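Enquirer: For the record, the sequence lines run as chains R and A.
So the first sequence is numbered by my numbering: it starts at 1 and just counts up by one.
So the second sequence is numbered by my numbering: it starts at 439 and just counts up by one.
We put the beta carbon where it would ideally sit given N, CA and C, even for glycine.
Please read these numbers as outputs of a predicted model, since none were measured by experiment.
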Amino acid sequence: MKKDIKIDVHHLTRVEGHGNIVVNVKSGKVEKCEWQVPEAPRFFEAMVRGRHYSEVARITSRICGICSVGHTLASVKASEAALGIRVTEQTFKLRELLKHAENFDSHVLHVYFLVAPDLAGAPSVFPLVKTHGEVVARALRLKRLAHEWGSLIGGRTTHPTTVVPGGFTKLPAKKELETLKERLLAAVPDLQATLKTVLSLAGAIPAFDRPTEYLALSSDDAYALYDGQVQSCLPDGKRQRWPVSDYRKVTNEYMTPLSTAKYTKNLRESYAAGALSRFNNNYDQLHAEAKKAAAALGLKPVCGNPYLNSAAQVVEIVHSAYDSLRLIDELLKSGIREEGLVKPTKYAQGAGAVEVPRGILFHEYAYDKEGMCTMGNCIIPTNQNHANIQKDFDKLVPELLAKDKSEKEMELALEMLVRAYDPCISCSTHYLDVKFVK
Amino acid sequence: MAKPKVAFFDFACCEGCQIEFTNYGEPAFLELIKHVDVVEFREAMSEKTKDPIDIAFIEGSFTREGDRARLEEIRKRAKIVIAYGQCATTAGINALKNHTADYRKEVYGKDAGMPHLDSQKAQPISAVIKVDYNAFGCPVNKVEVLQIVSHLLHGKEPVIPDYPVCVECKRRETICRYEEGDHCMGQTARAGCGAPCPADGIPCEACRGFVSDANQAALKKALIQKAGFSEARAEGKSRMFTANQRGDAK
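(1) Measure from the alpha carbon of R:Cys33 to the alpha carbon of each residue in R:Asp394, R:Leu114, R:Leu412, then state which is nearest.
(2) Since R:His363 is in the beta strand (DSSP E), which residue starts that stretch and which ends it?
(3) Determine, using beta carbons only, whether R:Leu267 and R:Glu213 come nearer to each other than 8 Å.
(4) Classify A:Glu618: buried if its beta carbon has 16 or more other beta carbons within 10 angstroms, exposed otherwise.
(5) Is the Cβ of A:Leu470 closer than 8 Å to any Cβ of chain R?
(6) Excluding sequence positions up to five away, which residues of its chain have a Cβ less than 7 Å from the Cβ of A:Gly498?
(7) Would a C-beta distance cut-off of 8 Å place A:Val578 and A:Gly523 closer than the cut-off?
(8) When you compare the CB of A:Cys455 with every CB in chain R, is at least one pair closer than 8 Å?
(9) Out of R:His18, R:Lys6, R:Val9, state which residue places its alpha-carbon closest to the alpha-carbon of R:Ser259.
(10) For R:Arg42, decide whether its Cβ has a neighbour in chain A, counting only Cβ atoms nearer than 8 Å.
(11) Cβ of R:Gly19 less than 8 Å from any chain A Cβ?
(12) Roughly how far, in whole angstroms, is the beta-carbon of A:Arg480 from the beta-carbon of R:His11, given that I think they are within contact range, below 8 Å?
(13) Using DSSP with H/G/I as helix, E/B as strand and the rest coil, what is A:Cys525?
(14) Helix, strand or coil: how does DSSP classify A:Ser676 here?
(15) Using 10 angstroms around the beta-carbon of A:Ala670, count the other beta-carbons present and answer buried if the total reaches 16, otherwise exposed.
(16) For chain A, check one thing: does any of its Cβ atoms lie closer than 8 Å to the Cβ of R:Gly352?
(17) Would you call R:Ala57 buried or exposed, if buried means 16 or more other Cβ atoms sit within 10 Å of its Cβ?
(18) Looking only at its own chain, which residues have a Cβ that is under 6 Å from the Cβ of R:Tyr322, when we skip the five neighbours before and after it?
(19) What did DSSP end up calling R:Gln229 once you bin it into helix, strand or coil?
(20) Listing by chain order, which chain A residues have their CB less than 8 Å from the CB of R:Phe113?
(21) Just how far apart, CA to CA, sit R:Leu109 and R:Lys143?
(22) Which bits of chain A does R:His52 rub up against, with CB to CB less than 7 Å?
(23) Using the beta-carbon of each residue, which ones in chain R are nearer than 7 Å to A:Thr538?
(24) Helix, strand or coil: which one does DSSP assign to A:Ile491?
(25) Which runs of the alpha helix (DSSP H) fall wholly inside the region 63-135 of chain R and span at least 4 residues, in chain order?
(26) Measuring only the C-alpha atoms, how far is R:Thr131 from R:Gly155?
(27) Does the beta-carbon of R:Leu145 have 16 or more other beta-carbons within 10 angstroms, so that it is buried, or is it exposed?
(28) Could you give the C-beta distance for A:Asp600 and A:Val649, rounded to a whole number, given that I count them as a contact under 8 Å?
(29) Measuring alpha carbon to alpha carbon, tell me which residue in A:Val597, A:Pro602, A:Ala633, A:Ile598 is nearest A:Thr612.
(30) Tell me whether the beta-carbon of A:Ile567 lies closer than 8 Å to the beta-carbon of A:Glu503.
(31) Sorted by chain position, which residues of the same chain lie with C-beta nearer than 7 Å to R:Lys438's C-beta, five sequence neighbours on each side aside?
(32) Quick one: Cα of R:Arg86 to Cα of R:Lys93, how far?
(33) Hey, would you say R:Tyr226 sits closer than 8 Å to R:Lys99, going by beta carbons?
(34) Helix, strand or coil: which one does DSSP assign to R:Val314?
(35) With DSSP run on the structure shown, which of helix, strand or coil describes A:Ala669?
(36) Throw me the rounded Cβ distance for the A:Cys642 and A:Cys622 pair, which I believe falls under 8 Å.
This is the structure:
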């Protein structure tokens, strides 16, 4: 038992961005156990200063290539709050439909391309083309569906074009929405097969329990993805809500030498964001089909196993497909109307939040009388998870040592843990901050 | 010719151009990997190699001296280096910070001096190593990327457009943004994207950079005279993705 372990994973693979895992154990004693974030910082908050409100979202979208739809939506919502713009019901629904597309898209990518290889004992999806050809083909079909679904509403999925403060610059045609509906219905067998595939691999998901604080948007009207208030759910199920404008009180950012990304904490020493946090907060509002998927996966709120974030993503894939069918029906029923963009009614400061695939995302801006940005701040879900990942490491490493796991087994367990959070590290080190305009 | 070995590497960027690689859908993606052997792609695979590579796609900008050795190592191993996406070709949006002096302080406040927050000006990877071809765009045009790869596989020179986006708007009969009362940078922006932005109702912001002989003074004049921008806004606008290609590049 009194063994030495040395794990040094430099630039962990199958995650977005750059992270390191460093563990040193000497004679059974943990000397070092760190999740490090060395991603090159990019300074977006400094870049948006002096920019017109119409182009700010197209800059901050570039924080992340995977969740650029989410960054765009959070950005236009924050600008709209600052500019006193209330969007129409049609815009709201189309944005919800777009948000579903992004979460579906990213979850498919994560579950099939980044997580499944670990569970199938493969180093990546490429060898699976030979051994699991139909699974890979299905993943690519679902990925393409999501990409084209998002592109129909947002113009494209990597750095969307049509989403601007006040509404949309281009609307989908009725026929296009009808086609999307048909394609979503046709994808149902692929969703069922996804669930089956994940169930067949679920035995390889490690058992680990460290309940924490779970933070997510929450709303009385829907399973919150595009809109809601900030909600915390503690392991005992106790919930508390804050308005989005109070986001700094909830996130409490701080710097650490371990990371170029800032860390956050709220009611406890760390909290989690992401699919599992949303699931734990908002289970009741999931679509019935998504609840069935959760039951099949044995997933119940409040779930304290971070490895099951990937399972919660599968549940959300199902939810997004079915809830989008509802949205399309409602949009078709009311008919798509050319509405023009809603204009600013003031120039001030405002915050906006959406649930991106990896969790709750906040943007905030201030504008001067000319509509030029004087301040920007973005708080990214992956930042909010870094401290929680570290706390998981602190509990997991001694547990693995007690089970007498080999260095290789420990390394894989830690890598899989980080991957389960689906970190988006280039996002998290975008760094913006914050001078209050008084 | 044996299947060429292809690898992807990333530096300071959003990795969105790598994501475009997953957006081809089933037929194109499965066909592509019949013709190339992907040997290293950190975002998608755990396999790593020290072997020579035929084509290296490098995404992201050079922003830290500490990344120099990694770039040189890739160059040594690769027959062909493709700067993949705008961050790699001109430093694109990352270069927006170059003309500000206080970006570290603005973002990290009192912690700005922590050594691991090192970041110099954003530069294209050609500032460090020789680049053979550029795949421009923020994001890249995934169809153009297939064409570049296809040309290389057939032993041909890829054709990279060096004419303005206006040409592509005319070709697809998009009404000019200036006619719609908006502004646009398409007249000096490098084409090859297919001009999706004006067709979607927003201005071209030259995300692929300028054409090689762009008349930057005329662009500024158009933004001021035709779109009614202030001098300062015209300056800022024409810098959006092109800070490193302007006369006042740092």
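Expert: Reading it off the structure:
(1) R:Asp394
(2) 359-367 is the span of the beta strand (DSSP E), which, as asked, contains R:His363.
(3) yes
(4) exposed
(5) No - not a single Cβ of chain R is within 8 Å of the one on A:Leu470.
(6) Asp448, Phe449, Ala450, Cys451, Cys525, Ala526
(7) yes
(8) yes
(9) R:His18
(10) yes
(11) So, not an interface residue.
(12) 6 Å
(13) helix
(14) coil
(15) Counting C-beta atoms within 10 angstroms of its own C-beta, A:Ala670 has fewer than 16 neighbours from the protein chains shown and is therefore classed as exposed.
(16) no
(17) buried
(18) Correct list, in chain order: His287, Glu289.
(19) strand
(20) Thr460, Ala482
(21) 7 Å
(22) Arg671
(23) What A:Thr538 touches in chain R: Ala46.
(24) strand
(25) 68-83, 89-108, 116-119, 125-131
(26) If you take the alpha carbons of R:Thr131 and R:Gly155, they lie about 36 Å apart.
(27) buried
(28) 6 Å
(29) A:Ala633
(30) no
(31) Its pLDDT being 28, under 50, R:Lys438 is placed unreliably in this model, and the coordinates cannot settle the point.
(32) 13 Å
(33) yes
(34) helix
(35) What sits at residue 669 of chain A in the sequence shown is Glu, not Ala. A:Glu669: helix per DSSP, three-state reduction.
(36) 5 Å
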